[in-house]
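The opening residue of the sequence shown carries number 1 in UniProt numbering; numbering runs sequentially from there.
For every residue, glycine included, the Cβ atom is placed at its ideal position computed from N, Cα and C.
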Amino acid sequence: MAYRGPRSDFGGQQGGQQQWRGNSGGGRPQPGGGGNMGRPMMGGYGDGRNGGSSFVNNSLKGKQPGGSLRKPDWERIQLQPFQKNFYKEHPNTANRSEDEIEQHRRQHEMTLRGRDPPRPILTFQEGCFPDYCMRMIEAQNYKTPPAIQSQGWPIALSGRDMVGIAQTGSGKTLAYILPAIVHITHQPYLQRGDGPVALVLAPTRELAQQIQQVASDFGKASRIRNTCVFGGAPKGAQLRDLERGVEICIATPGRLIDFLEAGKVNLRRCTYLVLDEADRMLDMGFEPQIRKIVEQIRPDCQTLMWSATWPKEVRSLAEDFLKDYVQVNIGALQLCANHRIVQIVDVCQESDKENKLLELHKEIIGEQDNKT
């Protein structure tokens, strides 16, 4: 009998009576199936203010983050093989001329580095995603994939490690979430006590929650469970999600280190790792935590690193963590103004500032698009 967590409403907190449902065949539920094959979806919890962990800040003063974590002896551990290459090149992609490909890359200021990068896809249909992913893409009224998705999807779906350098708002979240969903659906189903299959590390609570929203939207049809782990919020709900089992964990490094040290979560099943906004995580001083976390993950895990810039610190991290990777650059490598961001200055009286700020906050929270 396969272990299953309690059923919950998509994207909401757990509530009501717990239900335990089994699958006598031990297999993974098929997308669109009903009955007792459902997976619970996990929503966001708490109201933390940043990506750090209060436990780390208060209880570990004077100690290295993750100092009590021991690196597994991976050479002595018998690792179960896993599948990570799911890419089948579409005939339209295969038949496209080299001139067309180069024109597409020049048009989007795309440069590549690495061994034998796959050809970019120019339409969503060329991605050969499962039907449940395509239905969600079509529902969003997307026309063509942005540049980072156009080149990033074939790389990620091929099981290759990759570095993606692109500005905020370029579509990078979906560039790694959709391949993560495909990756997860090809892995054995989680058993009781298993940690997540996909781990996404992000620098702040706000970014982690935005990533979770995308994971929830696109993982709903395939019943991929997720949770968001960040500091400054109560640990209880986050721990309950992890104990019930989630396929995707989106986390800030500080709180995840906290849970790893306490033995509340393990990363033995993690085969898909994402470091989002790697440059920002390093700027915030998270490198020691990141290195400790990566030590807990099997060395043949597929790793994807995303950054807005390419400083030497990020390059060093990529060389340490990634193997035979493909690097995709969209636009300039140096920090520059992001023209996708519109800056608005509202001149008002000092006494009006608080009310205007509250109104603006409500307006932003209510928006579904154009968030960064």
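At what residues does the beta strand (DSSP E) containing residue i begin and finish?
i: G231; result: Here G231 belongs to no beta strand (DSSP E), and DSSP marks it neither H nor E.
i: G164; result: 162 to 165
i: L275; result: 272 to 275
i: I250; result: 248 to 251
i: Q302; result: 302 to 307
Could you give the DSSP three-state label for residue i: helix, strand or coil?
i: R135; result: helix
i: M110; result: strand
i: Q191; result: coil
i: N226; result: strand
i: M37; result: At M37, the pLDDT of 38 sits below 50, so the modelled position is not reliable and the matter cannot be decided from this model.
i: N58; result: Note that N58 scores 48 on pLDDT, short of 50, meaning its location in the model is unreliable; the coordinates nonetheless yield the value given after this. Helix at N58.
i: V294; result: helix
i: L201; result: strand
i: E126; result: helix
i: A262; result: coil
i: residue 374; result: This structure cannot settle anything about residue 374, because the visible part of the chain is limited to 1 through 372.
i: Q83; result: coil
i: E75; result: coil
i: G254; result: helix
i: Q103; result: helix
i: K362; result: helix
i: L267; result: coil
i: P288; result: helix
i: D279; result: helix
i: Q238; result: helix
i: L69; result: coil
i: K143; result: coil
i: D47; result: Because the pLDDT at D47 is just 39, under 50, the model does not fix this residue reliably, and the value given afterwards should be weighed accordingly. In this structure, D47 counts as coil in the three-state DSSP scheme.
i: E367; result: coil
i: E354; result: helix
Within 10 Å of its beta-carbon, does residue i have 16 or more other beta-carbons around it, so buried, or fewer, so exposed?
i: A202; result: buried
i: T144; result: exposed
i: D346; result: exposed
i: D276; result: buried
i: L190; result: buried
i: K312; result: exposed
i: F124; result: buried
i: E363; result: exposed
i: W74; result: exposed
i: L304; result: buried
i: R106; result: exposed
i: residue 421; result: For the chain, the structure presents residues 1 to 372; residue 421 sits outside this window and is missing.
i: G285; result: exposed
i: L322; result: buried
i: R192; result: exposed
i: I293; result: buried
Please work out which residues of its chain come closer than 6 Å, Cβ to Cβ, to residue i, disregarding the five sequence neighbours upstream and downstream, and give them in chain order.
i: I250; result: V200, A208, I211, Q212, C228
i: E109; result: G331
i: D300; result: none
i: L242; result: V265
i: S307; result: I165, A278, D279, V314
i: K274; result: Note that residue 274 is Val in the sequence shown, not Lys. Answer for V274: Y176, V200, L304, listed in chain order.
i: A318; result: V163, M305
i: G366; result: none
Locate the alpha helix (DSSP H) running through residue i, then write down its first and last residues.
i: residue 377; result: In the structure displayed, the chain extends from 1 to 372; residue 377 sits before or after that span and is not available.
i: T93; result: 91 to 94
i: Q210; result: 205 to 219
i: S316; result: 312 to 321
i: V182; result: 172 to 185
i: Q151; result: 147 to 157
Once you ignore the five residues that flank residue i on each side, which residues in its own chain have a CB closer than 7 Å to its CB?
i: S68; result: E261
i: N266; result: G195
i: D101; result: The amino acid at residue 101 is misidentified as Asp; the sequence shows Ile. So the list reads R119, P120, once near-sequence residues are dropped.
i: F82; result: Q187, T271
How close, in whole Å, do the beta carbons of residue i and residue j come, if the pair is a contact with beta carbons under 8 Å?
i: R96; j: R76; result: Actually they are not in contact, since the Cβ atoms of R96 and R76 sit about 47 Å apart, beyond 8 Å.
i: A156; j: Y176; result: 6 Å
i: E138; j: H90; result: About 17 Å separates the two Cβ atoms, so there is no contact after all.
i: residue 387; j: M162; result: Here the chain covers residues 1 to 372 and nothing more, so residue 387 does not appear.
i: R160; j: V328; result: Going by Cβ atoms, the distance from R160 to V328 rounds to 11 Å, so no, they are not a contact pair.
i: E206; j: I224; result: That belief does not hold up - the Cβ atoms of E206 and I224 are roughly 22 Å apart, past 8 Å.
i: K172; j: A166; result: 5 Å
i: P65; j: Q289; result: 5 Å
i: L122; j: Q149; result: Incorrect: roughly 11 Å between the Cβ atoms, too far for contact.
i: L79; j: R291; result: L79 to R291, Cβ: 21 Å. No contact.
For residue i, which residues from the same chain have a beta carbon less than 8 Å from its beta carbon, with the 5 sequence-adjacent residues on both sides left out?
i: H183; result: K84, F86, V197, A198, T271, Y272, Q302
i: N226; result: M41, M42, Q212, A215, S216, G219, V246, E247, I248, C249, I250
i: D324; result: G114, R115, R160, D161
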